[in-house]
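Let me begin by presenting the structure, written as C-alpha cells, before commenting on it.
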Amino acid sequence: MLEISGIDASYDNLQVLWDVSMNVGIGEVVAVLGPNGAGKTTMLKSIMNLVSVNKGKIHFLGQDITGKPIHELTKVGLAFVPEERNLFPAMTVMENLMLGAYTIRDKKTIKETFSRVFDLFPRLAERKKQYAGTMSGGERQMLAIARGLMSNPKMLILDEPSMGLAPQNVLAVFETIKRLSSEKVTVLIVEQNVNTTLTVADRAYVMEQGRIVMEGSSSQLQGDDHIRKMYMGIV
Ligand code: ATP
Numbered sequence: 001m002l003e004i005s006g007i008d009a010s011y012d013n014l015q016v017l018w019d020v021s022m023n024v025g026i027g028e029v030v031a032v033l034g035p036n037g038a039g040k041t042t043m044l045k046s047i048m049n050l051v052s053v054n055k056g057k058i059h060f061l062g063q064d065i066t067g068k069p070i071h072e073l074t075k076v077g078l079a080f081v082p083e084e085r086n087l088f089p090a091m092t093v094m095e096n097l098m099l100g101a102y103t104i105r106d107k108k109t110i111k112e113t114f115s116r117v118f119d120l121f122p123r124l125a126e127r128k129k130q131y132a133g134t135m136s137g138g139e140r141q142m143l144a145i146a147r148g149l150m151s152n153p154k155m156l157i158l159d160e161p162s163m164g165l166a167p168q169n170v171l172a173v174f175e176t177i178k179r180l181s182s183e184k185v186t187v188l189i190v191e192q193n194v195n196t197t198l199t200v201a202d203r204a205y206v207m208e209q210g211r212i213v214m215e216g217s218s219s220q221l222q223g224d225d226h227i228r229k230m231y232m233g234i235v
C-alpha cells in the first residue's frame, strides 16, 4: 500500500534520513521505533511532504506521491495525526471534527462518518459541544485521532499518540488502534512505548541515527536481544 524507497531527507543543510526504505501492506499496523532524535517523526513528515526529500521515492497505492501537497495526500486516502495534535482549542469537538471532513462533499457520507467515529469514541459523543481547549489530555488525543478518521482515510499515520498521557489513557489509545485494525484501517505509528506498541503492531521497523537498522514481525522483535536491552529495559 505504502512503499518508501531509499529516501534521504534534510532540514536546510542538515541531513536527517539516510536511505530509508519501508513498506506497509493493506490492513497492517506497522510501527516505527527508535530512540529520541532517530528521525522517526521526520520519516512521517517526509510522507506528508512537510520536509524536503532529496532522494528516493514514496508510492501510495501504486501512485508516486513524493512531494505532493497535503490536500492531495488527503484525497488519495492518507491522514496524519501529528504529535502536537493541532486541534483548535477555541472550537468545539464537532467543529474540530468537521474540519477533518473538509475533503468530503457528500452530506450522507459525512453523517455516516460521524456516527462511526462516535461509535469508536463514545466519550466524544458525550462532549460534542465542549471546547477542545477544555478537554483532558487523553480526550484531546482521542479527538485528534477522530479528526484524522473524519476524512475516511485508507491509512492513518500517528506520531506518538501515547505521548504525555496517563497510563489509563495510553491503554485507551492502543485499544482504539486495535479496533481500527479490526476495521481494516491501515495504521503507521511512531511510538516510544515499545512494549505496548509491539502488542498491537503486526510488524515494526527500528530507526537509529536516521537509518533503518532492523525490521521484523512484532513477535520477532519482542524476542530480540538488542530490542529487549535497548527498548524494553530487560537485561
Ligand atoms: P523523538 O522520538 O525525540 O521525537 P524522532 O526520532 O522523531 O525523535 P526527529 O524529530 O525526526 O526524531 O528528529 C531527527 C533529527 O532531526 C534530530 O536530530 C532533530 O534535532 C532534527 N530536527 C527535527 N526537526 C528539525 C527542524 N525543524 N530543523 C532542524 N532540525 C530538525
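First residue of the sequence shown: 1, per the UniProt record's numbering; consecutive thereafter.
For every residue, glycine included, the Cβ atom is placed at its ideal position computed from N, Cα and C.
Being a predicted model, the structure only gives us computed values, none of them experimental.
Exercise. Note down, in chain order, each residue of its chain lying with its Cβ closer than 8 Å to the Cβ of residue 138, except the 5 sequence neighbours on either side.
Key: Here residue 138 corresponds to residue number 138 of the sequence shown, with the count starting at 1. Excluding sequence neighbours, residue 138 sits near 165, 166, 168, 169, 172 and 173.
Quiz item: Can you give the Cα-Cα distance for residue 78 and residue 154, rounded to whole angstroms?
Solution: Taking the sequence shown and counting its residues from 1, the one referred to as residue 78 is at position 78. Taking the sequence shown and counting its residues from 1, the one referred to as residue 154 is at position 154. C-alpha separation (whole angstroms): 6 Å.
Quiz item: Are the beta-carbon atoms of residue 2 and residue 46 separated by less than 8 Å?
Solution: What you label residue 2 is simply residue 2 of the sequence shown in a count that begins at 1. What you label residue 46 is simply residue 46 of the sequence shown in a count that begins at 1. Not closer than 8 Å, so no.
Quiz prompt | Backbone secondary structure at residue 140 - three-state DSSP | solution = Position 140 of the sequence shown, counted from the first residue, corresponds to residue 140. Looking at residue 140 - three-state DSSP - the assignment turns out to be helix.
Practice problem: Tell whether a beta-carbon distance below 8 Å holds between residue 76 and residue 61. | Solution: As a position in the sequence shown, residue 76 is number 76, starting the count at 1. As a position in the sequence shown, residue 61 is number 61, starting the count at 1. One thing to note: residue 76 has its Cβ within 8 Å of the Cβ of residue 61.
Practice problem: Count the other CB atoms, across all protein chains shown, that sit within 10 Å of the CB of residue 231; report buried if there are 16 or more and exposed otherwise. | Solution: Mapped onto the sequence shown, residue 231 falls at position 231. Under a 10 Å Cβ-count criterion, residue 231 is classified as buried, with 16 or more other Cβ atoms of the shown protein chains found around its own Cβ.
Quiz item: Any residues whose CB sits closer than 5 Å to a heavy atom of the ligand ATP? List them in chain order?
Solution: 11, 16, 36, 37, 38, 39, 40, 41 and 42
Practice problem: Evaluate the contact criterion for the region 48 to 63 versus the region 97 to 116: three or more CB pairs, one atom per stretch, below 8 Å. | Solution: no
Quiz item: Under a three-way DSSP split, which group does residue 88 fall into?
Solution: Here residue 88 is taken as the residue at index 88 of the sequence shown, counted from 1. Coil.
Quiz item: Which term fits residue 14, buried or exposed, when burial requires 16 or more other beta carbons within 10 angstroms of its beta carbon?
Solution: Residue numbering aside, residue 14 sits at position 14 when the sequence shown is read from its first letter. The residue is exposed, with fewer than 16 neighbouring Cβ atoms inside 10 Å.
Exercise. Just grab the DSSP bridge partners of residue 203 for me.
Key: The residue you call residue 203 lines up with position 203 of the sequence shown. BP columns for residue 203 point to 30 and 217.
Exercise. Classify residue 237 as buried or exposed, calling it buried when 16 or more other Cβ atoms lie within 10 Å of its own Cβ.
Key: With the chain represented from 1 up to 235, any question about residue 237 goes unanswered, as that position is not in the structure.
Quiz item: Can you tell me whether DSSP reads residue 155 as helix, strand or coil?
Solution: Here residue 155 corresponds to residue number 155 of the sequence shown, with the count starting at 1. Residue 155 falls in the strand class under three-state DSSP.
Practice problem: Over the uninterrupted alpha helix (DSSP H) stretch that includes residue 231, give me the two end residues. | Solution: Along the sequence shown, read from residue 1 onward, the residue named residue 231 stands at position 231. Segment 225 to 231, the alpha helix (DSSP H) holding residue 231.
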